Structures are given as structure tokens and as C-alpha cells.
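As C-alpha cells, the structure follows; a few thoughts come after it.
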Amino acid sequence: MSKLVAGMAGMLIAAAMPASAHAAVLGPDASACKGDGPAMLVHIEGLKKRGGTLRVQSYGGNPNRYFEKGAWLRRVDVPVPATGPVEICVAVPAEGTYAVSVRHDVDSSGKTGMNDGGGMSGNPKMSLFDVMFKRKPSPDRVKVAVHGVVRVPVTMNYVQGGSFGPIAMAAR
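Encoded structure:
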């Protein structure tokens, strides 16, 4: 009888868990994150709005070229899901050191606008001047060591008045 009670209690606990505990991994490389990789599972938080498109780009090789235009290794574009956590898998060619950038194209225009947001691996703090003058953070601050599948948390930042940073109350 105690096995039956324990089994029922387990089912009740599982049913009470939020749906976000079972997030769908997005992107064409999703299977790489369900296997042995090598891949980065980019966990994106702090979205301003649940709409638009997310673009995740991976960078490798020379750390001084991280975030340079056209220097990315892999680019993954996905629509922002209406609810739940946002996890996008990006496969990499081999284990090693990489960096990730995320862009939230709020209106899906394909062009960077003042309402769009961005973030990077390591979540470096950047000022509005850094963004305006396209200053990059130190490679040591954004590097990700990939061995198998590694989770990379990225908090999105947006222009707010005269500053650039996370939204106080993220869209859910």
C-alpha cells in the first residue's frame, strides 16, 4: 500500500511543477543539446516583450574577433515563444572556447532599432555609450568553455531612457 501512496504523491508533485520545468529546446540544433554535444544551450531571460525574433550567434577562434560583424560561426533565428522559458541550442564544431550574442528583434523588422534588445554570454555590464560606439566587452568576460553540452544564461538588455540594461519586470 505504501508504494501506491508514494507513487500517487510523486504524480501529484510532478503535476504541480510549473510547465517551465519541461522547456522545449528551440532551434535547428536542438538534437545536439539532447545528446552529447558539443553545443551551447542558451537560456534567455528578461525579455521585454513576448514577440518578435531572437537571433543567437556563436563565435570562436580568435577571442579578439568575438562579436565582429560577419565573424560568427553559427547563427540561429527563432520566433520568440509566447510563454515559458526560452532555450535555444547552438551546436559548435568541437569542444573549446566560444562566446554567444543574442539579439531580440522586437518587431521582426530585420533591422536593429531602439526597442530591440541584446545580451551576451557572461552577461557583461554595458553602458549606452558602449552600445552606441560598438565597444566590445573583454573576451575573458564573455568566454564559454564548451565540453559536451553547456548551459549559457543570457539576460537581455534594452535601452531605457538614458541607460542600457535589464528590464526590471521581464515579460512572461
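So for the sequence shown, the numbering used here puts the first residue at 8; every next one is plus one.
Virtual Cβ for every residue (Gly too), placed ideally from N, Cα, C.
Quantities reported herein were computed from a predicted structural model and do not represent experimental measurements.
- For Phe-136, the uninterrupted alpha helix (DSSP H) run begins and ends at 135-139, by DSSP.
- Around the Cβ of Phe-171, a 10 Å sphere holds 16 or more other Cβ atoms; the residue is buried.
- With a cut-off of 8 angstroms on Cβ pairs, the region 132-149 is in contact with the region 66-82, counting three or more such pairs.
- Shown here, Asp-112 sits in a strand according to DSSP, grouped into three states.
- Leu-80 is bridged by DSSP to nothing; it lacks a bridge partner.
- For Pro-160, the enclosing beta strand (DSSP E) covers residues 156-162.
- Short of 6 angstroms from the beta carbon of Arg-148, and not among the five residues preceding or following it, lie these beta carbons of its own chain, in chain order: Gly-129, Pro-131.
- Here the alpha carbon of Gly-124 sits roughly 20 angstroms from the alpha carbon of Ser-145.
- For Gly-125, the beta-bridge partners assigned by DSSP are Arg-110, Asn-164.
- Just measuring C-alpha positions, the residue of Thr-119, Val-32, Val-159 sitting nearest Tyr-165 is Thr-119.
- Val-153: member of the beta strand (DSSP E) spanning 151-153, first to last residue.
- Around the beta-carbon of Lys-55, 16 or more other beta-carbon atoms lie within 10 Å, marking it buried.
- A distance below 8 angstroms separates the beta carbons of Ala-152 and Thr-104.
- Each residue's CA atom was taken as its position, placing Leu-61 and Val-161 some 12 angstroms apart.
- The DSSP-derived three-state label of Pro-70 is helix.
- Of the residues Ala-175, Ala-46, Gly-155, the one whose Cα lies closest to the Cα of Val-107 is Ala-46.
- Going by beta carbons, Leu-33 and Val-85 fall inside the 8 angstroms limit.
- Taking 8 angstroms as the cut-off, the beta carbon of Val-159 is found closer than this to the beta carbon of Val-49.
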